[in-house]
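For reference, the structure discussed in these notes is given below.
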Amino acid sequence: MSSENSNTVATVPRTSRPMSEALLNEKWDRCLSSMLIRSGLGLSFGIVFSVLLFKRRAWPATVGLGFGAGRAWEECDTSFKRAAAPNKDGLRVIRP
Amino acid sequence: MLRASILRARPALRPIAPAARPQWRAAQRFYADDKKLSETAIPNPAPTVTPSTSTATNLTNGSTIRASDIANLPHEPKTTTTASRTAPVIQPATTPPTGPGSASVAPDPQPPRPKKRRLRKFLLYSVLLSMLGYGGGVWYSLVSDNFHDFFTEYVPFGEDAVGYFEEREFRRRFPGRAEQPRLYPQVTGENKITIPSKSGLTPRVAQEGDTDLSQKGSHMSAVADNKPKQTPDAKKEKPSESATKAEPKKQAVAAAPPPSAKPISQIDNLNVPAASEPIVQDVVKLVNDLITSINADASHGNKYDSAFDKAKSDLGKVISDINLLKDGLNKSAEEKIKAAHGEFDNAAKELVRRLELQMQDQETHWKEEYENERERLSSTYKSKLQSELDTAQQLYEQRLKNELLEQSIALERHFTSSVRDRVEAERDGRLGKLNQLSNSVKELERLTLEWNSVIDANLKTQHLVVAVEAVKSALESQATPKPFITELAALKEIAADDAVVSAAIASINPTAYQRGIPNAAQLIDRFRRVAGEVRKAALLPEDAGVASHLASLAMSKVLFKKSGLATGGDVEAVLARTEILLEEGDLDGAAREMNGLQGWAKVLSKDWLGECRRVLEVRQALDVIATEARLQSLLLD
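In order, the protein sequence lines correspond to chains D and C.
Under my numbering, think of the first position of the first sequence as 125, with each following residue one higher.
Under my numbering, think of the first position of the second sequence as 22, with each following residue one higher.
Here is the structure:
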């Protein structure tokens, strides 16, 4: 046993997986960043559209912003929901 | 057409009087463009020469000569020439009238020829048609029965033709029967059998006399007709009988034939009373045959009577002489037989005497031999008996000697054994004590050996305990988690082949000794961090989205913190209880409490729980090993 142990020292890798208590925080980080990016993108698209098509009206910009933010929100929501439940990849789901 | 119209439009171009011109034009009228007429290339060279070179006057002669020449040439040119000749007759219908009609005046060069040819053609066609019709008729008669009847009846040779084809068909269908002609001989023309008119039965009026059966005739008597037939039969039979019969009955036989001999006296047959001799019989038979033949001959006229009488008397003499000779021979033979009898009797007597003498000699000889043999046998038997007796005596003596020897040996052995017993008894008495001493020494040795093993085992257990203590101390003294593989390896080596120890070590999770495990303080420290996170997620419902997360985050800030052994299953209470348990040092209880969490709280505390478990496993294994070591030390005594 001892010899085996000495041999297998290096075999068990140190995982880069985050600690379980940091899981939620990481999700929050990701959500915030994605919200920022997507809402920024939406806003910029809205502005461009408003300049090009809608005679510099304000509402296309807000609509773009809303689209981006909504999209980010949705993604975040799904990520939270998915993480709570145990991973079911590769398992067959039997519905009643 | 176009050309024709052009020509018509320009009369200057028209030739003055070339009779054959229009036909050439007609042949060339396909050329729509305006070419020079004299230089146009015309397909066949033969006619091109004629119009260009010849004038109107010599045209007819030249053309006729040409035509006759060309008639021998191959077919194509001829047709063209004929076309050229007939052109003035036929073509003007298509071509417009070109001139005053001088061309049409030219006479047809050979009017009689077509007539002959027409006749020939007619003949040819008629022959062909008739042949075709005949063939068709034959064929159709093969097909249709009605037509067959009609055709064979009315058409000459129709029957033969149809018959020939039918025959072929029949042979083709039945090759085996090909030889038989199917048509009747009458049809094929063989000889016919004619029955004459007079043949056969004809009626006739019966005559009275012929048919009356009551009239006298040959058919009325049953006897008259048969007699002449029977007599030759009797004559034939009787001589044959007489030939087979014995001589003494000749008289009676000879009497039978005579019915025909009436005027001529018959010659008597020879009668020899003592003719028992075969030779004599033959001679008599011969003579008798002669006599019968002469008797049968009616015309002998008794001329052989004297000769036969003489022959008869001579024969009688001869027979008597023979008898005399026989008697003399008999007598001499009897005498000879008597003499031979006497001779034989003498010889027999002599033989018997000699035999008796021989027998006597042999008897005496045998008796002597017998005596000798008897004596010899008795002597040999006596000698054999003597020898047998001697050997039996010797055997007996030898056996006696052997028995004596055996007895002496047994006695000797017994004596030696008894002596040895005595000596051994004496020795045991003295050496017994020595044996006891050696036994006691052996016992002592064994005892010391046992104690050695006990000491060894003790040392071993001590080592084990020390090793376990080393591991424990290593675990507790560390500031950060360190691997403790070396300590465990040492422990395992010391335990060597202890099953309990090896099982305990095997129960430890490899990650535990490869990465090390945290001590109590580190665990508590980490728990504090985990508890903060868990508290944030304490209020989350099932399947929480972003909004509920946000709400939970906000609400957890204003939540009242519990402390001490709080009751209830909510997250706050669980956390409080775990903290208390950890502070008390009850790691097992704390892990159990945290394991009861649900949802996000459990997910967040999963790593901490795993660490707790690993620590617990290591502790348990070490406890087991320590207990085993203690047990070993206890078992030794």
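We put the beta carbon where it would ideally sit given N, CA and C, even for glycine.
Boundaries (first-last residue) of the alpha helix (DSSP H) holding residue i
i, result
"Thr-482 (chain C)", "326-498"
"Ile-558 (chain C)", "It is worth fixing the name first, because residue 558 (chain C) is Ala in this sequence and not Ile. That residue, Ala-558 (chain C), is in no alpha helix (DSSP H); it is neither H nor E in DSSP."
"Asp-518 (chain C)", "Counting along the chain, Asp-518 (chain C) falls outside any alpha helix (DSSP H), and DSSP gives it neither H nor E."
"Pro-299 (chain C)", "299-317"
"Ser-577 (chain C)", "567-578"
"Glu-187 (chain C)", "179-194"
"Val-172 (chain D)", "147-176"
"Pro-531 (chain C)", "531-536"
"Phe-171 (chain C)", "166-175"
Residue i: CB within 8 Å of a non-hydrogen atom of the ligand FAD
i, result
"Thr-532 (chain C)", "Ligands displayed in this structure: none; no statement on the ligand FAD is therefore possible."
Sequence-distant residues of the same chain with beta carbon closer than 6 Å to residue i, five excluded per side
i, result
"Lys-578 (chain C)", "none"
"Val-645 (chain C)", "Ala-525"
"Ser-163 (chain D)", "Leu-189, Gly-192 and Ala-193"
"Phe-173 (chain D)", "Pro-184"
"Arg-651 (chain C)", "none"
"Val-217 (chain D)", "none"
"Ile-171 (chain D)", "Ala-185"
C-beta neighbour in chain A for residue i, strict 9 Å
i, result
"Trp-472 (chain C)", "Here chain A cannot be found, since the structure's protein chains are D and C."
Neighbourhood of residue i by C-beta, 8 Å cutoff - its chain only, sequence neighbours within 5 removed
i, result
"Ser-158 (chain D)", "Ala-196, Glu-199 and Cys-200"
"Ala-587 (chain C)", "Glu-593, Ala-594, Ala-597 and Arg-598"
"Glu-633 (chain C)", "In the sequence under discussion, the amino acid at residue 633 (chain C) is Cys, which differs from the Glu named in the question. Leu-544, Leu-608, Ala-611, Ala-612 and Met-615."
"Tyr-534 (chain C)", "Pro-504, Phe-505, Ile-506, Leu-509 and Val-639"
"Val-183 (chain C)", "Val-159, Ser-162, Leu-163, His-169, Phe-172 and Thr-173"
"Phe-548 (chain C)", "Thr-599, Glu-600, Leu-603, Ala-611 and Trp-629"
Own chain, CB closer than 7 Å to residue i, minus 5 neighbours either side, in chain order
i, result
"Leu-656 (chain C)", "none"
"Ser-569 (chain C)", "Leu-561 and Pro-562"
"Gly-617 (chain C)", "Val-595"
"Ala-332 (chain C)", "Val-308"
"Ser-584 (chain C)", "Ala-597"
"Gly-214 (chain D)", "none"
"Ile-529 (chain C)", "Glu-638, Val-639 and Ala-642"
"Pro-269 (chain C)", "Confidence at Pro-269 (chain C) is low in this model, with a pLDDT of 45, below 50, so the placement of that residue is unreliable and no value is reported for it."
**Request:** Evaluate contact between the segment 540-560 of chain C and the segment 184-204 of chain D, counting only Cβ atoms and requiring at least three cross-stretch pairs below 8 Å.
**Result:** no
**Asked** Going along the segment 186-209 of chain D in order, which residues come within less than 8 Å of chain C, judged by CB to CB distance?
**Response** Trp-197, Cys-200, Asp-201, Phe-204, Lys-205, Ala-207, Ala-208 and Ala-209
**Request:** Count the CB pairs spanning the segment 517-530 of chain C and the segment 603-610 of chain C that are closer than 8 Å, and state whether there are at least three.
**Result:** no
**Item:** Residues, ordered as in the chain, of the segment 599-627 of chain C that lie near chain D by beta-carbon distance below 8 Å
**Value:** Gly-620, Trp-621, Val-624, Leu-625, Ser-626 and Lys-627
**Residues from the segment 554-587 of chain C in contact with chain D, defined by Cβ distance under 9 Å** = Glu-554, Val-555, Lys-557, Ala-558, Leu-561, Glu-563, Asp-564, Ala-565, Gly-566, Val-567, Ala-568, Ser-569, His-570 and Leu-574
**Asked** Which full runs of the alpha helix (DSSP H) of 4+ residues lie inside the segment 604-649 of chain C, going along the chain?
**Response** 608-616 and 620-625
**Request:** Scan the segment 141-152 of chain D for residues whose Cβ lies nearer than 7 Å to a Cβ of chain C and list them as they occur along the chain.
**Result:** Met-143, Ser-144, Glu-145, Leu-147 and Leu-148
**Request:** Determine contact between the segment 586-604 of chain C and the segment 167-182 of chain D, defined as no fewer than three beta-carbon pairs at a distance below 8 Å.
**Result:** no
**Cβ contact check for the segment 536-543 of chain C and the segment 492-502 of chain C: 3 or more pairs under 8 Å** = yes
**Prompt:** So does the segment 459-478 of chain C actually touch the segment 486-500 of chain C, counting three or more Cβ pairs closer than 8 Å?
**Reply:** no
**Asked** Given a limit of 8 Å on CB to CB distance, which residues of the segment 626-646 of chain C reach chain D?
**Response** Ser-626, Lys-627, Asp-628 and Trp-629
**Under 8 Å (Cβ pairs) to chain D, residues found in the segment 463-496 of chain C** = none
**Item:** Interface positions of the segment 539-552 of chain C facing chain D (Cβ-Cβ less than 8 Å), listed along the chain
**Value:** Arg-550 and Val-551
**Message:** Runs of 3 residues minimum, wholly inside the segment 137-165 of chain C: which ones carry the beta strand (DSSP E) assignment?
**Reply:** none
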